[in-house]
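**Q** Protein chains in written order, with the numbering used here: chain U, 50 to 319; chain G, 3 to 250.
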């Protein structure tokens, strides 16, 4: 059985005031775990708590049944990718994690270059450039590459979609889906539709309380009730008549069109 | 928690910047030099905190920021404690109270003083240097920027530390010496960031039309208010107490 990151009665506070209370549930591998909620609902605080940066909490965070020791076992990308940069070249940024994990010296550069390529950044073009010289989307991809290159068991991403165009967002979702097969990937986002799948695991933080949903349940609730979560209007309108279907498609025009065609042909047959 | 200007409206905020600066300077000298006993020093620190609370300063922030100097406090405590034969608690505590007093007095001053008031204070203090042909305004500007940059640099160090831990560094592990050694990789990126921020600041100032030369007019004019007289007298009393307890 793959390891789980479990929250047990976790209450996260700021200055004595709880921002997320009594969270119970778990994040696992095999799917992207999403943390959603309005601004200020405590999503980023929860992420920082898991990372060990925020220590004002009660309850437990368990990994594979034991108390989670963040040091060396996670990577985190911040909302602002620039916050992550402290080296003078993209290559050094990506190599840093590998050096920290004491990889053999002759393996570091080839692996870092290969990983950068995988994130759509040509090593020949980017490796020796200063991270602050890059465009917003490129900075975001360098930050993500730098954070994931060492493949820690827990990967935390705070608003990773900001600064990426539609293609970049799609590519990121695909990359994270691949990583999620063997790692616990937790994503804080205001655009869950980019990552949502019927089997996604979602922790929805609202008014200090956390509710866990499967992707399917989340989509269904959002389609039935726009107040619950503001998914794109076209999606809610298109799927409103099908909200009782056993499974809803992801927020993707092609998937929705084929779902509706399938449902209609099924209804016609009946 | 970093110490920086926090807007407010209490009597401490309303003091003339020159009085504020002098009072802060006198308090720093008092905590550094006074020859009082431990109880009197602890009482002085409590009085300082009482006045800060009376002036509605964010005491929690000030107290939490003490954790930034815990290492200095421990070192001073140890050095002072072992000054005689074996370890003595009273001198250790005295040393620590001196550091805390200086830190809290400076913290209160920075909390109630916006940039314009700091600038006014330093310009006034440096004005006599003009007689010797020294650039008083520019020296004042350098002082203000240096003071204002300290919290920025501290938060920069925090940011880099977090970025390194977020990618697998184990900075806090492995005892005192390895923790100290682990701080070394922070230094170069912090220095690099300081230079980058310095350049950005210079560009921002030029973009707003700041020039080194020429007579400058003042947007804010500072007068003498109701609380300035008692505050000035307090500074005089504290200065007298410092000299009396130390030298007489």
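Beta carbons are placed, not taken as given, at the ideal position from N, Cα and C, and that holds for glycine.
What in chain U is Cβ-close to residue 162(G), meaning under 7 Å?
**A** Counting from one through the second chain, the residue named residue 162(G) turns up at place 160. Within chain U, the residues near residue 162(G) are 135.
**Q** Given this structure, state the Cα-to-Cα distance separating residue 4(U) from residue 52(U), to the nearest angstrom.
**A** It is not possible to answer for residue 4(U), since the shown part of chain U is limited to 50 through 319.
**Q** Measuring straight from C-alpha to C-alpha, what distance separates residue 68(G) and residue 105(G)?
**A** Counted from its first residue, the second chain places residue 68(G) at position 66. Counted from its first residue, the second chain places residue 105(G) at position 103. Whole-angstrom Cα-Cα distance: 8 Å.
**Q** Using three-state DSSP, classify residue 70(G) as helix, strand or coil.
**A** Indexing the second chain from 1 puts residue 70(G) at position 68. Helix, per DSSP.
**Q** Any C-beta of chain G within less than 8 Å: which residues of the segment 137-153 of chain U qualify?
**A** The residues in question are 137, 145, 146, 149 and 150.
**Q** For residue 70(G), which residues in chain U fall below 7 Å Cβ to Cβ?
**A** By one-based count along the second chain, residue 70(G) stands at place 68. Those within 7 Å of residue 70(G) in chain U number zero; the least Cβ separation is about 16 Å.
**Q** Quick one: does residue 177(U) have its CB under 8 Å from some CB of chain G?
**A** Here residue 177(U) corresponds to residue number 128 of the first chain, with the count starting at 1. With 8 Å as the cut-off, residue 177(U) does not count as an interface residue toward chain G.
**Q** Does the Cβ-Cβ distance between residue 135(U) and residue 168(G) come in under 8 Å?
**A** If you number the first chain from 1, residue 135(U) lands on position 86. If you number the second chain from 1, residue 168(G) lands on position 166. Taking 8 Å as the Cβ cut-off, residue 135(U) and residue 168(G) do not qualify as a contacting pair.
**Q** Can you check which of these residues, 261(U), 155(U), 81(U) and 248(U), is closest to residue 73(U) by C-alpha distance?
**A** Your numbering for residue 73(U) matches position 24 in the first chain. Of the candidates 261(U), 155(U), 81(U) and 248(U), the one whose C-alpha sits nearest the C-alpha of residue 73(U) is 261(U).
**Q** For residue 53(G) and residue 121(G), I'd like the C-alpha separation in whole angstroms.
**A** Position 51 of the second chain, counting from 1, holds the residue named residue 53(G). Position 119 of the second chain, counting from 1, holds the residue named residue 121(G). Near 24 Å, if we compare the C-alpha coordinates of residue 121(G) and residue 53(G).
**Q** Can you look up residue 226(U) in the DSSP assignment and give me helix, strand or coil?
**A** In the first chain, counting from the first residue as 1, residue 226(U) sits at position 177. Three-state DSSP puts residue 226(U) in a helix.
**Q** Would you call the CB atoms of residue 170(G) and residue 138(U) closer than 8 Å?
**A** Along the second chain, read from residue 1 onward, the residue named residue 170(G) stands at position 168. Along the first chain, read from residue 1 onward, the residue named residue 138(U) stands at position 89. Contact flag unset, no.
**Q** Which partner residues does residue 67(U) have in the DSSP bridge list?
**A** Taking the first chain and counting its residues from 1, one reaches residue 67(U) at position 18. DSSP, once it has assigned bridges, lists 62(U) as partnering residue 67(U).
**Q** Note down, one range per segment and in chain order, each alpha helix (DSSP H) of at least 4 residues found wholly within the segment 47-122 of chain G.
**A** Here the runs fully enclosed are 61-66, 72-83 and 91-114.
**Q** Indicate the three-state DSSP secondary structure (helix, strand or coil) for residue 214(U) in the structure shown.
**A** Against the first chain, residue 214(U) aligns to sequence position 165. Residue 214(U): coil per DSSP, three-state reduction.
**Q** What does residue 191(G) touch in chain U if you count any residue whose Cβ is under 8 Å from its own?
**A** Position 189 of the second chain, counted from the first residue, corresponds to residue 191(G). The contacting residues are 135 and 136.
**Q** Could you confirm whether any beta carbon from chain G is found closer than 8 Å to the beta carbon of residue 102(U)?
**A** Working through the first chain from its first residue, we reach residue 102(U) at position 53. So, interface residue.
**Q** So for residue 57(U), helix, strand or coil by DSSP?
**A** If you number the first chain from 1, residue 57(U) lands on position 8. Of the three classes helix, strand and coil, the one that applies to residue 57(U) here is strand, per DSSP.
**Q** What is the rounded straight-line gap between the Cα of residue 176(U) and the Cα of residue 195(U)?
**A** In the first chain, counting from the first residue as 1, residue 176(U) sits at position 127. In the first chain, counting from the first residue as 1, residue 195(U) sits at position 146. Roughly 12 Å separates the two Cα atoms.
**Q** Using DSSP's beta-bridge definition, name the partner residues of residue 207(U).
**A** For the purposes of this step, residue 207(U) is identified with residue 158 of the first chain, where counting begins at 1. The partner list for residue 207(U) (beta bridge, DSSP) reads 237(U).
**Q** In whole angstroms, give me the CA-to-CA distance for residue 228(U) and residue 200(U).
**A** The count along the first chain starts at 1 and reaches residue 228(U) at position 179. The count along the first chain starts at 1 and reaches residue 200(U) at position 151. Going from the Cα of residue 228(U) to the Cα of residue 200(U) covers about 8 Å.
**Q** Is residue 82(U) helix, strand or coil when you go by DSSP?
**A** Counting from 1 along the first chain, the entry for residue 82(U) is found at position 33. Strand, per DSSP.
**Q** Please decide whether residue 199(U) counts as near chain G, where near means a Cβ-Cβ distance under 8 Å.
**A** For this step, residue 199(U) is matched to residue 150 along the first chain. Yes, contact with chain G.
**Q** The alpha helix (DSSP H) that contains residue 189(U), what's its start and end?
**A** Sequence index remark: in the first chain, residue 189(U) carries index 140 (1-based). Unbroken alpha helix (DSSP H) run through residue 189(U): 185-197.
**Q** Would you say residue 170(G) reaches chain U, if we count a Cβ-Cβ gap shorter than 8 Å as a contact?
**A** Your numbering for residue 170(G) matches position 168 in the second chain. So yes, residue 170(G) belongs to the interface.
**Q** What is the DSSP secondary structure of residue 74(U), counted as helix, strand or coil?
**A** As a working mapping, residue 74(U) is identified with position 25 in the first chain. It is a strand residue.
**Q** For a contact defined as C-beta to C-beta under 7 Å, what are the partners of residue 121(U) on chain G?
**A** Residue mapping note: residue 121(U) aligns to position 72 of the first chain, counting from 1. Going along chain G in sequence order, the residues near residue 121(U) (Cβ under 7 Å) are 170 and 172.
**Q** I'd like to confirm the pairing. Which residues does DSSP put opposite residue 112(U) in its beta bridges?
**A** Translated into the one-based positions of the first chain, residue 112(U) becomes position 63. Paired residue(s): 54(U) and 115(U).
**Q** Do residue 254(U) and residue 71(U) count as a contact pair if the criterion is CB distance below 8 Å?
**A** In the first chain, counting from the first residue as 1, residue 71(U) sits at position 22. In the first chain, counting from the first residue as 1, residue 254(U) sits at position 205. Against a cut-off of 8 Å, the Cβ pair of residue 254(U) and residue 71(U) comes out as no contact.
**Q** Just to confirm my understanding: we take residue 265(U), look at its own chain, exclude 5 residues before and 5 after, and list those with CB closer than 8 Å. What are they?
**A** Taking the first residue of the first chain as position 1, residue 265(U) is located at position 216. Same-chain partners within the cutoff: 247, 248, 296 and 297.
**Q** Taking all protein chains shown into account, do 16 or more other C-beta atoms lie within 10 angstroms of the C-beta of residue 274(U), making it buried, or fewer, making it exposed?
**A** Position 225 of the first chain holds residue 274(U). Looking at its Cβ environment, which holds fewer than 16 other Cβ atoms inside 10 Å, residue 274(U) is exposed.
**Q** Give me the subset of the segment 201-212 of chain G whose CB atoms are less than 7 Å from a CB atom of chain U, sorted by chain position.
**A** Hits within the stretch: zero.
**Q** Could you name the residues of chain U that residue 2(G) contacts, counting a contact when the two beta carbons are closer than 8 Å?
**A** As displayed, chain G neither begins before 3 nor continues past 250, which places residue 2(G) out of reach and without an answer.
**Q** So, is the C-beta of residue 142(G) closer than 8 Å to a C-beta in chain U?
**A** Here residue 142(G) is taken as the residue at index 140 of the second chain, counted from 1. No, residue 142(G) lies away from the interface with chain U (no Cβ there is under 8 Å from its Cβ).
**Q** Kindly indicate which three-state DSSP category residue 168(U) falls into: helix, strand or coil?
**A** Taking the first residue of the first chain as 1, we reach residue 168(U) at position 119. In the structure shown, residue 168(U) sits in coil (DSSP, three-state: anything other than H, G, I, E or B).
**Q** Under 7 Å Cβ-Cβ, which residues of chain G neighbour residue 125(U)?
**A** Sequence index remark: in the first chain, residue 125(U) carries index 76 (1-based). Result: 168.
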